[in-house]
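Inspection log for the structure reproduced underneath, given as structure tokens.
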Amino acid sequence: MLEKVIRQYNKEIEDFDPSIRLICVVTDIEDRVKNAIYAIANHVKVYSYLVAKDTAGNVILVPKLEVDNSEVEVAIRSATSEGELLKDHPHLEATFLSMKKLLEADSTVSYATGRSLRFKKERVFAVVRFRKKHIQLELRAGEGIIQDKDFKYWRKGNSPWGYINIAPTKAISQKISEWIEIARDAASGGVNQDDMEEDQ
């Protein structure tokens, strides 16, 4: 994903070193973000800066290292299967199977990762995660395309990805079915296409 973002700004770069490091400078960082950084494989350093004045009245920036995950050994998640994911969530199976029919329409490919199921039509447009009491359906619908209080966009709306939590039910609502179609259309080159691959 980072490589694609960089190429948007500099298309002349030919090859990337696979060991890309991420250095973030922030004014503040939440604990949940710190925890997420320790869970990813890329090396990430996060600095905050304190603005101060020295005795001569000059403004100085004092850096403080907030997070550094380079010393953490990240466990490699192995791919699992749909059956193994559902085994721990039998109360969500009927809801998931109804949703799966909608997600796998129109030659969509699906595959499992360590903790989720992904649905791809040229690129990933939907991710299903099983939670204790609901299914979290993430959709790449396009930035600002879905205007509904039940659909929450990532990054406060500045992302093509958002999600909805679906409680156990026998049928998937019409609006969720429509949102799935919007995301599939965007993934296959429709009007909402976004070039950033966020298959995380």
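In terms of the numbering used here, the sequence shown is residues 13 to 212. C-beta atoms are modelled at their ideal positions from N, C-alpha and C, and glycine is treated no differently.
Original post:
What are the boundary residues of the beta strand (DSSP E) that residue 131 is part of?
Top reply: In the sequence shown, residue 131 corresponds to position 119, counting from 1. 128-133 is the span of the beta strand (DSSP E), which, as asked, contains residue 131.
Subject >> DSSP three-state assignment for residue 105, whether helix, strand or coil >> reply: Translated into positions along the sequence shown, residue 105 becomes position 93. Helix, per DSSP.
Subject >> Straight-line gap, residue 148 to residue 178 (C-alpha atoms, nearest Å) >> reply: Here residue 148 corresponds to residue number 136 of the sequence shown, with the count starting at 1. Here residue 178 corresponds to residue number 166 of the sequence shown, with the count starting at 1. Straight-line Cα distance between these residues: approximately 6 Å.
Subject >> Rounded C-alpha distance that separates residue 182 from residue 20 >> reply: Here residue 182 refers to the residue found at position 170 of the sequence shown. Here residue 20 refers to the residue found at position 8 of the sequence shown. So the two alpha carbons sit approximately 43 Å from each other.
**OP:** Pick out whichever of 99, 18, 55 has its Cα sitting closest to the Cα of residue 36.
**Re:** As a working mapping, residue 36 is identified with position 24 in the sequence shown. Minimum Cα distance to residue 36 is reached at 55.
**OP:** Under the assumption that residue 110 contacts residue 192 (Cβ atoms under 8 Å), give the Cβ distance between them as a whole number of angstroms.
**Re:** In the sequence shown, counting from the first residue as 1, residue 110 sits at position 98. In the sequence shown, counting from the first residue as 1, residue 192 sits at position 180. Not quite, the Cβ-Cβ distance comes to about 12 Å (not below 8 Å), so this is no contact.
Subject >> Own chain residues within Cβ distance below 6 Å of residue 172, not counting five before or after >> reply: In the sequence shown, counting from the first residue as 1, residue 172 sits at position 160. For residue 172, where only same-chain residues beyond five positions count, the Cβ hits under 6 Å are 152, 154, 155, 206.
Original post:
Thinking C-beta only, is residue 127 closer than 8 Å to residue 143?
Top reply: Within the sequence shown, the letter at position 131 stands for residue 143. Within the sequence shown, the letter at position 115 stands for residue 127. Cβ atoms of residue 143 and residue 127: not closer than 8 Å.
Original post:
alpha helix (DSSP H) containing residue 186: first to last residue?
Top reply: For this step, residue 186 is matched to residue 174 along the sequence shown. Residues 186-199.
Original post:
Are there 16 or more other CB atoms within 10 angstroms of the CB of residue 67, so buried, or fewer, so exposed?
Top reply: By one-based count along the sequence shown, residue 67 stands at place 55. By the neighbour-count rule (16 or more Cβ atoms within 10 Å), residue 67 is not buried but exposed.
Subject >> Burial state of residue 176 (16 or more Cβ within 10 Å) >> reply: Residue numbering aside, residue 176 sits at position 164 when the sequence shown is read from its first letter. Looking at its Cβ environment, which holds 16 or more other Cβ atoms inside 10 Å, residue 176 is buried.
Original post:
With a Cβ-Cβ cutoff of 8 Å, do residue 122 and residue 114 count as a contact?
Top reply: Indexing the sequence shown from 1 puts residue 122 at position 110. Indexing the sequence shown from 1 puts residue 114 at position 102. No, Cβ-Cβ distance for residue 122 and residue 114 is not below 8 Å.
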